[in-house]
Structures are given as C-alpha cells and as structure tokens.
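Okay, structure first, notes after.
Protein chains in written order, with UniProt numbering: chain A, 1 to 358; chain E, 1 to 439.
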C-alpha cells in the first residue's frame, strides 16, 4: 500500500478521536443506504463539469477526435489553422458546451492548442500551456480563500490533458518527452497515438512498447498513475489500462454504412476504418477511460492531488512572487522532485503517515 | 536580477486564450456514456464512507440514549448519567455502522448534566463551545498549507435533536435560550420526548404552542428542503408535524403475531413504529432516509461558512480588496511564521541567558568552596605548626630539666663523696685524740 500522508490535526480535547470506532451490529434496517439516492439526486441537480485539453501538433486530428468523443460538432467550423498561416505564438482556444444525456447534465469545456510544436524553434512551447493550467488552479484558489465564498465554486481546472503523439513509428521525440515530463506533474496526461490508421498492427504494438519504455526511462507518470491505485481491484483494472497506453486512436465524424449498420469511420480506397471497432483502433478504450469509467477519478485526482500541490507551492513560495494578481509560478521542479511524484492516497480511510520531500 | 527568483517565472505569456461565453447546448448524435457519472460519483463516495454527527440536547433522563438506540436499531453502550453533574459536559462517541455497502461513521454527542444544575445560566456554553471547536478544527485543517481534506474525519455536528420535556404547557425558558444560541450554528430539529405521557388532544395544542413560541422568539429551526421535486412533497407534509412527538424503546413486545418495539403499560401498549401512536417513523424518515445529505450540506455550506466568515473577519481579513485578499492571507502566514520564529528565538535567548546565569552561579559557588578549603588548609597548617612549636618547647624544657637534674645529681654525688672523706678524716682525728689522752 502506498504511504498516506495525514497531517496531524490540532489536538483539541473536545474532538472525538476517530480511530476508536467500534463497529456496531444493527438489528434491523435503518435506511442508511438511502443516502446514496440522496447523493445522486443532489449530483443530478447540480450537474457535472469536465474540462479536457487536447495538445498536439496541427493536423494530428485533435478536433476530429473531440468531435468523435462527444458525438457532436464541438467545433463549429473547420479547425483554425487550415489554410491559415500557422500562428506565430501558441494559442489556446476554449469552448464550453452543456450536453445532456438521460437527465445528466455535463458542462464540457474543451481547450485546443493550435500552434503547438509547429514553429521552427519550439523552445518553451509548453510554457503557455502550463501557464493556462496554473491559471485555472489560481482562479480556483482565489475563489476558495475568499471570506464570503460561493456555494459551488465553478471548476475550470483542466481535468485531463490528451496528448497526441505523431505516428512516426519510432519512439517519442525530444519535444514529446520534454512536454510530458513537465505536464505529468501538473495535470493528468493521457497520451494517445494519433492517426493510428497509418500503422499496421505490428508496427502499432512495437511503437507502443517503445513509447512505454521511453515513459519509464524518463519517469513520466501518465494517468492512471500507479501510486493512486486504491485497492486490488483498481490495481488490476488500471494495470490492464496501463498496458494499452498509449491508445492508438483514429478519429472520424462521418458516418458510413457498413454491413447495414451506420458507423463512424474513415472511408479509404482500401476499406472503411471503423472507429468504434476494437479490432481497428482503440478509440472505445479512450472513450471509456475518459467518460464512462474514470471521469470522476480524473476530477478527484485533479482536485486532491494536482490542485493541492499547486496550492502548497503557491502558499509556500508566495514571498518570492511580486505582489499582484494573475501571477503564476511556473518553476519546473528540481530533479529531486521529478522522480518522486507526490504520494497521496485518494479517498481512502486507512491512516498511515508518510514523509515527502517537502 | 538582484532579487532572488525561482528560475522560469514568466512575466507574460504570448498566448491568447479566450473562452466562449455562450454555453451552447449541444445535441448528441449518439450515446456518449456520461450518464454513468452519478454512479461513478456514488461509487467513489461509497468507498470513502459517510460521516454523520448528531448532537442530542436535553435534560438528564429524557430519553436521549434510548431514542438513539431505537433510531439506529442497535445498542450503543452507555450507562445512564447521574443527576449530580456540576456542569454541562459533552460526551461524544463514534460508531461504525454498515448497511449493505454503505459505511456510516456515526458520532453521537450527548449533553450530560443539562438542566440538572440549580443555576443554569451557563448551561448552553459548553454546547456552543463544542460546536465551535469542531468548526475550528475543520477550519484549521482547511487553512493548512499541507492539508488532507479528503480523508479528514468530519466531526462537525450535522443535526441537533433538541429534546423538549413533555410538560404539555410550553417551552421552558432554558429551552428557548439554548435554542436561540444554537440556531445559527447547527441544524436544530426539535422533538417532544416521552410523548406517551401526553394525550392526543393535548399534544396538538402543545405542538402549536411550541411552534408559535419558536416563531415569536425568532428561533430558526431546520427547514426541510422543498426545492427538489422528489422530496418536496414528503418534506412538506412532514413539516406540518413538527416538533415530532417521539417515543423510544428498545424492548420488543408481541403485538398480534409479530414482535415490535413498544412500551408496555398496564393500560395498553405504545408501539414505537405505529404512526398513530407517535411520530417516531416520521423522525426516522426525515432524519435519515430523506434528508441526511441535505443536513450535511447545510452544515457545510451555511453554518460552517458563517463560522469561517466570522472567524476570518475577526482575524482581520476583508474581501473588499480582491487584490490584497490572497496576499493578506499570505501575509498572515508570513507574519505568523515570523512571529513564531521570533518567539522561538526569544525563547532560545532566554534559555541561553538562564544557562549562562546558572553557570555563573555554579562557578561562584565552587569558588567559594575552594576558598573555604584553602582557609581550612591554612588554619590546619598553622595549628599544626603551633602544636609542633609547643611540643618542641616542651622538649627543650624537658631537656633542660634533665640537664639540671644531672648537674644536681653530679653535685650531690660530689658533695656526698666529700662528706664521706671528711667524715673519715674526722674519725681518724677523733681516734688519735683518744689515743693521746690515754698516755
């Protein structure tokens, strides 16, 4: 089990101590389970928020992928940059939509990063992205430390960053490595192999293995992070996922008829690549990970780990920052911090103490 | 750069981020799958477990422990309290209950000795202090730099059951005062205890009297939420019956062909779960099955926020200046940290000074002792010398005496021998004379 950090609360003699909770036998139904329904009702009324960022070079199919994921035209028109000279600086575009399915309302914010890695000199091209992510944390922090706070602080923090790796077939490029190293400490990163239809199955597997090796060598901890596995079930489930990361995906938002069914796919001269077919590409895995099974987990890790990390750095180093709003500390971690991500047990009742580098 | 700055602090980003303000409602052309979100959320919460804390305020012997036992269908270990408590004190106990896959960490806080004293002026104070202490603990945790809120054992009181004695007339002044002090800090649910001592018609009058007194005194009791369609109806109908007249019992009596919780009297059996007999079922519905989550939310978003706001304003923060707000918190952290360090340094200085002083004292003491020793030594030496001199004098005297004696002895011997000689001569002369006279 990973060590859990528990900060000792101030010892007030008036507080009941938590460890001594004897289990009690109930002789009949009380109705405690009804609280689950109450939770659900409350959640449905409030709605959910999800913020996703897609990063990658132009032409890798980011916008198409987003459209495919959410089965709608998230981007109103053709992605900017087509036929337009590449912007000189990195731009971030955010769009917010409210989508509803079976009574569940989801406020989805998608942030695109056209111009990433497109310049000749890509030094520090990750800085604007890190700045944006940290700015969202900053806004949340400022809302949180107000005296009169809102009932529900609007959550604009990036919950997941999908990184598109170009399908070179070799291994991760230095730009990818630099970017992933910096980002995996600030946000949940899910790398995917974009435009995977240009690779055969064997090439895909080999590419995947090489990427996994690269990630291990450079100590890049992508989502789902191993240190946050809560119990054995999670471990098993997440290990299977970790084996397939990065997913080889193909995006398509046009429908074609295959065997009488209407499927999303790309039509080529040599066949139709079905997006939702596991034999063709791993898009369903990505979709399930992001939406169907791990969405809440992504949000929880963002809130409990990444946001708390940011908050600690911010509150500790504030004396180094000049006074003024909107300032963000973009100091990349020292090499010592790079290797040991903050160990934090998410939502667990076990109590262990741990020491960390702070 | 002269000032110390961490590397890579960017002064400006060359990026333009704009948010699309209009929230478009997108239409989905297929099943995406995020309708499983509530389930994901519920699963997460289930694995975490829930916390629920109830405060029972009422006189000794009014039936608080029995009611808790009845509500949660279990026997919480507790001995009945005596009436001799000098003051009100709060006793908190935590239990872990599990129903199917829901784990509930229940904390029941009892007011021991409430209403027993002769002078009850300060009865409400320990209660208010306890509630504030729980808020304070949470606030402290929240303000920490390294905090762990997600596995924090929440001890804030979510519901306060106020037990009203079944006099049949009206609220006691102690009740009014206490409730007035508590209504801004906790969700109050007033209940009439031992309701089997009141007849039906008296009960109705009693209830309306209580409610009107509460309203006229401005006591804010917990309002069951009516904004959610699913629960609005049931909450509205239940609110009419406030305060709930409850009977608690853990003993089972055979009624018909079933065992039910009831109290057996010679004149009949009062069934706890019979809605015609008492409002126990309504209380259980409202407290646990329908509004538990809302009680927790109200505690967190209303009572706790109020406490937090008051506390922070007390510490001197204001929101009016959004520029300085986050930094004044930092400033306080800094100030507090500096203060703490200053205190530490001061203490260190004090200790050092004390140490130096002690060393000096010890040194002086030792020097004194040394001096004394020296003096003693000198004294001894002198004494020794004196003695020695005396002895030598005596020796000299003795030798002189011996010499004198020897001299005297020699002289005496000489005299003696002279006397002998002259004596012999004398006799010879005498002899001669004698001889001469004969002729």
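Idealized CB from N, CA, C, for every residue including glycine.
Query raised in the report: What are the uninterrupted segments assigned as alpha helix (DSSP H) that are 4 or more residues long and contained completely in the region 87-145 of chain A, given in chain order?
Result: 127-144
Report task. Could you tell me which chain E residues have their CB closer than 7 angstroms to the CB of residue 139 of chain A, listed as they occur along the chain? Result -> The contacting residues do not exist; residue 139 of chain A stays about 11 angstroms from chain E at best.
Report task. Say whether chain E places a C-beta atom closer than 9 angstroms to the C-beta of residue 226 of chain A. Result -> no
**Report entry** Where the alpha helix (DSSP H) through residue 316 of chain A begins and ends
**Finding:** 307-316
Requested in this report: Just list the beta strand (DSSP E) runs in the region 245-295 of chain E, keeping only unbroken ones of 3 residues or longer that don't cross its boundaries, in chain order.
Outcome: 252-255, 258-265 and 268-271
**Report entry** Check whether residue 189 of chain E and residue 243 of chain E have beta carbons under 9 angstroms apart
**Finding:** yes
Requested in this report: Inspect the CB distances between the region 96-103 of chain E and the region 32-39 of chain A and report whether three or more fall short of 8 angstroms.
Outcome: yes
Query raised in the report: Helix or strand or just coil, what does DSSP make of residue 211 of chain A?
Result: helix
Query raised in the report: Smallest Cα separation from residue 252 of chain A: which of A:262, A:232, A:56 and A:200?
Result: A:262
Query raised in the report: Quick one: Cα of residue 429 of chain E to Cα of residue 401 of chain E, how far?
Result: 41 angstroms
Query raised in the report: Which ranges does the alpha helix (DSSP H) cover as unbroken runs of at least 4 residues, wholly within the region 227-314 of chain A, from first to last along the chain?
Result: 232-244, 283-287 and 295-301
Requested in this report: With DSSP collapsed to three states, give me the class of residue 193 of chain E.
Outcome: coil
Report task. Return no unless some Cβ of chain A is closer than 9 angstroms to the Cβ of residue 145 of chain E. Result -> yes
Query raised in the report: Mind checking if residue 337 of chain A is an interface residue toward chain E, Cβ cutoff 9 angstroms exclusive?
Result: Because the pLDDT of residue 337 of chain A is 36, which lies under 50, any placement of that residue in the model is unreliable, and the question is left without a value.
Query raised in the report: Can you tell which of E:132, E:111 and E:310 has the C-alpha that lies nearest to the C-alpha of residue 123 of chain E?
Result: E:111
Query - Any beta strand (DSSP E) of 3 or more consecutive residues that is wholly inside the region 33-60 of chain A - result: 48-55
Query raised in the report: Can you list the residues of chain E that residue 44 of chain A reaches, using a CB-CB cut of under 8 angstroms?
Result: 38
Report task. Note down, in chain order, each residue of its chain lying with its Cβ closer than 7 angstroms to the Cβ of residue 188 of chain A, except the 5 sequence neighbours on either side. Result -> 159, 160, 161, 223, 298, 301 and 302
Requested in this report: Report yes or no: do three or more beta-carbon pairs, one from the region 206-225 of chain E and one from the region 246-256 of chain E, lie closer than 8 angstroms?
Outcome: no
Query raised in the report: Hey, how far is the Cα of residue 155 of chain E from the Cα of residue 301 of chain E?
Result: 15 angstroms
**Report entry** alpha helix (DSSP H) segments (min. 4 residues) lying fully within the region 120-207 of chain E
**Finding:** 124-143 and 173-182
Query raised in the report: Within 10 angstroms of its Cβ, does residue 500 of chain E collect 16 or more other Cβ (buried), or is it exposed?
Result: With chain E covering only 1 through 439, there is no way to say anything about residue 500 of chain E.
Report task. For residue 61 of chain A, collect the residues of the same chain with a Cβ closer than 6 angstroms to its Cβ; drop the 5 residues on either side in sequence, then sort them by chain order. Result -> 194, 195 and 251
Requested in this report: Using beta-carbon positions only, say whether residue 50 of chain A and residue 34 of chain E come within less than 9 angstroms of one another.
Outcome: yes
**Report entry** For residue 130 of chain E, the nearest candidate out of E:149, E:91, E:162 and E:339 (CA to CA)
**Finding:** E:91
Report task. Count the CB pairs spanning the region 143-150 of chain A and the region 88-101 of chain A that are closer than 8 angstroms, and state whether there are at least three. Result -> no
Requested in this report: Could you give the DSSP three-state label for residue 110 of chain E: helix, strand or coil?
Outcome: strand
Query - 9 angstroms Cβ cutoff, residue 154 of chain A in contact with chain E - result: no
Requested in this report: May I ask you to verify whether the region 190-199 of chain E touches the region 234-241 of chain E, counting CB pairs closer than 8 angstroms and requiring at least 3?
Outcome: no
Query raised in the report: Are the C-beta atoms of residue 98 of chain E and some chain A residue less than 9 angstroms apart?
Result: yes
Query raised in the report: Taking Cβ positions, are residue 287 of chain E and residue 99 of chain A nearer each other than 9 angstroms?
Result: no
Query raised in the report: So residue 157 of chain A and residue 136 of chain A are in contact, right, with Cβ under 8 angstroms, and what is the actual spacing, rounded?
Result: 5 angstroms
Query raised in the report: Given that a residue counts as buried once 16 or more other Cβ atoms are within 10 Å of its Cβ, and exposed if not, what is residue 391 of chain E?
Result: exposed
Report task. Consider the Cβ of residue 110 of chain E: report whether some Cβ of chain A lies at a distance smaller than 9 angstroms. Result -> no
Report task. Could you work out which residue in A:172, A:289, A:244 and A:117 is closest to residue 210 of chain A when comparing CA atoms only? Result -> A:172
Query raised in the report: Of all the CB atoms in chain E, is at least one closer than 9 angstroms to the CB of residue 251 of chain A?
Result: no
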